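S.K.: Here the sequence shown stands for residues 0 to 322, numbered as in numbering that gives the first Met the number 0.
Glycine residues also receive a C-beta, built at the ideal position from the N, C-alpha and C atoms.
Fair warning: this is a prediction, and the values are worked out from it, not measured in the lab.
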Amino acid sequence: MGADSSRQPGAADARSRRRTGARRLGVALGSGSARGLAHIGVLRAIVEAGIDVDVVAGTSMGAFVGAIFAAGKLDRLEAGFHGFDWGSIASLLDPVFPRSGLIDGHKIGDFMRAQVPVTKVEDLPIPFRAIATDLANGEEVAIGSGDLIEAVRASIAVPGIFTPVRSQGRVLVDGGLVNPVPVSAARALGADLVIAVDLNHDIVQERSSRAVQEASPGALAQAVTQMLENFDSIDSPALTQFREWLQREPLPGIFDVLLSAIYIMQARITQATMAQDRPEIVIQPALGAVRFMAFDRADEIVEAGYRAARQALDDAATLLYPA
Numbered sequence: 000m001g002a003d004s005s006r007q008p009g010a011a012d013a014r015s016r017r018r019t020g021a022r023r024l025g026v027a028l029g030s031g032s033a034r035g036l037a038h039i040g041v042l043r044a045i046v047e048a049g050i051d052v053d054v055v056a057g058t059s060m061g062a063f064v065g066a067i068f069a070a071g072k073l074d075r076l077e078a079g080f081h082g083f084d085w086g087s088i089a090s091l092l093d094p095v096f097p098r099s100g101l102i103d104g105h106k107i108g109d110f111m112r113a114q115v116p117v118t119k120v121e122d123l124p125i126p127f128r129a130i131a132t133d134l135a136n137g138e139e140v141a142i143g144s145g146d147l148i149e150a151v152r153a154s155i156a157v158p159g160i161f162t163p164v165r166s167q168g169r170v171l172v173d174g175g176l177v178n179p180v181p182v183s184a185a186r187a188l189g190a191d192l193v194i195a196v197d198l199n200h201d202i203v204q205e206r207s208s209r210a211v212q213e214a215s216p217g218a219l220a221q222a223v224t225q226m227l228e229n230f231d232s233i234d235s236p237a238l239t240q241f242r243e244w245l246q247r248e249p250l251p252g253i254f255d256v257l258l259s260a261i262y263i264m265q266a267r268i269t270q271a272t273m274a275q276d277r278p279e280i281v282i283q284p285a286l287g288a289v290r291f292m293a294f295d296r297a298d299e300i301v302e303a304g305y306r307a308a309r310q311a312l313d314d315a316a317t318l319l320y321p322a
């Protein structure tokens with residue numbers, strides 16, 4: 000994942016040309032499950048280019064990575080995902096019997112807590128918003144204060160997979176339902192130049208070309224199966240019933256339907272919202288073929304984000320570094 004210094008200004012050179020008292024720059028990091036690891040590569044490219052980020056808004060995995068970036072711990076996060084495998088993925092998932100979701104999300108919160116020393120959103124060195132959806136009324140909720148882990152857990156709570164988060168009388172789920180690439184939230188923080196990272200642009204086409212033909216279980220199915228094996232010693236009628244259901248009805252088919260519906264919706268919402276509020280720079284890594292829980296491909300995903308960002312920043316050099 001090394002940099003090709005011939006394609007962009009050197010870090011010291013770029014720092015000498017940083018924006019001076021002018022445009023306030025924000026990044027809008029979109030939803031994308033495992034594809035969201037591309038945000039690590041994107042942000043690394045932005046830092047290497049010597050570009051100051053003034054505000055960060057993130058949805059779902061964009062909120063997860065964005066919060067850690069805003070805390071100044073991006074390198075630690077990238078190192079944490081390096082060499083991820085199935086065991087690593089399963090260790091982050093805490094299954095619950097299906098009621099409002101399959102996975103509780105507390106272990107993901109613990110993983111994030113180990114990366115970030117900050118506990119409150121408002122204490123982050125860079126102003127940050129995590130986007131969630133109010134399940135009762137469908138309103139967008141831009142979380143800018145309170146418990147940081149809770150804010151991110153709410154933003155990543157994909158309906159039917161992760162349990163919702165209760166916060167201040169609201170039941171919150173994945174922000175991708177209302178604002179998959181939160182350009183508007185970055186602007187609300189005062190950004191007048193927004194770099195948007197869209198991870199949904201090619202997913203519908205990629206999934207339609209391959210998902211129906213795939214017979215092998217996806218990452219989520221494998222991870223859930225592995226977790227259930229840890230419960231073999233528990234004598235629970237509910238777990239027994241759930242195991243029997245898994246054997247009768249293969250999990251990948253069910254989740255392919257659910258996730259495909261969510262992806263289609265998010266791709267269409269992204270098109271509409273970015274047409275109305277156009278970001279100045281759009282970065283679109285080609286990751287449509289990456290499945291929901293493919294965190295074992297972390298290095299590849301991060302590199303794809305890095306390459307796409309390098310190209311987009313090169314193309315926008317006159318905007319970022321005005322004469």
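Roughly how many angstroms separate the alpha carbons of PRO236 and LEU76, rounded to a whole number?
M.R.: The alpha-carbon atoms of PRO236 and LEU76 are separated by roughly 39 angstroms.
S.K.: Of all the options ALA135, ASN136, LYS119 and VAL140, which has the alpha carbon lying nearest to the alpha carbon of ALA129?
M.R.: The option with the nearest alpha carbon to ALA129 is VAL140.
S.K.: May I ask you to list the residues that DSSP assigns as paired with VAL177?
M.R.: For VAL177, which the question treats as bridged, DSSP gives no partner whatsoever.
S.K.: Enumerate in chain order the residues of its own chain whose CB-to-CB distance from VAL193 is below 8 angstroms, with the five nearest sequence positions on each side excluded.
M.R.: So the list reads LEU24, GLY25, VAL26, ALA27, VAL182, ALA185, ARG186, PRO278, GLU279 and ILE280, once near-sequence residues are dropped.
S.K.: Relative to the ligand ATP, is the shortest distance from any of its heavy atoms to the C-beta of VAL196 smaller than 7 angstroms?
M.R.: Inclusion of the ligand ATP in the displayed structure is not the case, the ligand content being empty and no account of it being possible.
S.K.: Between which two residues does the beta strand (DSSP E) harbouring PHE127 extend?
M.R.: 127-133
S.K.: With DSSP run on the structure shown, which of helix, strand or coil describes SER166?
M.R.: The answer is strand: DSSP assigns SER166 an E or B state.
S.K.: Can you name, in chain order, every residue of its own chain whose Cβ lies under 7 angstroms from the Cβ of LEU319, other than the five neighbours on each side?
M.R.: ILE50 and LEU312
S.K.: Tell me the DSSP secondary structure of ASP191 in three-state form.
M.R.: coil
S.K.: Can THR33 and ILE300 be called in contact, C-beta distance under 8 angstroms?
M.R.: According to the sequence provided, residue 33 is Ala. The question's Thr does not apply to it. Closer than 8 angstroms, so yes.
S.K.: Identify whether LYS106 lies in helix, strand or coil by the three-state DSSP scheme.
M.R.: DSSP places LYS106 in helix when its eight states are reduced to three.
S.K.: Quick check on the burial criterion: 16 or more other C-beta atoms within 10 angstroms. Buried or exposed for GLU121?
M.R.: Exposed is the call here.
S.K.: Buried or exposed: which applies to ARG112, given that a residue is buried once 16 or more other Cβ atoms fall within 10 Å of its Cβ?
M.R.: exposed
S.K.: Please classify LYS72: is it buried, with 16 or more other beta-carbons within 10 angstroms of its beta-carbon, or exposed?
M.R.: With 16 or more other CB atoms across the displayed protein chains lying within 10 angstroms of its CB, LYS72 is buried.
S.K.: So if DSSP puts THR58 in a beta bridge, which residue, or which two residues, is it bridged to?
M.R.: ILE130
S.K.: Tell whether a beta-carbon distance below 8 angstroms holds between THR118 and ASP74.
M.R.: no
S.K.: Give every residue of the same chain whose Cβ lies closer than 6 angstroms to the Cβ of ASP257, excluding the five residues on either side of it in the sequence, and list them in chain order.
M.R.: Contrary to the premise, residue 257 reads as Leu rather than Asp in this sequence. Excluding positions up to five away in sequence, the list reads GLY159.
S.K.: Given that a residue counts as buried once 16 or more other Cβ atoms are within 10 Å of its Cβ, and exposed if not, what is TYR305?
M.R.: Buried, since its Cβ has 16 or more Cβ neighbours within 10 Å.
S.K.: Among residues of its own chain, excluding the 5 on either side of GLY79, which ones have a beta-carbon nearer than 7 angstroms to its beta-carbon?
M.R.: GLN114
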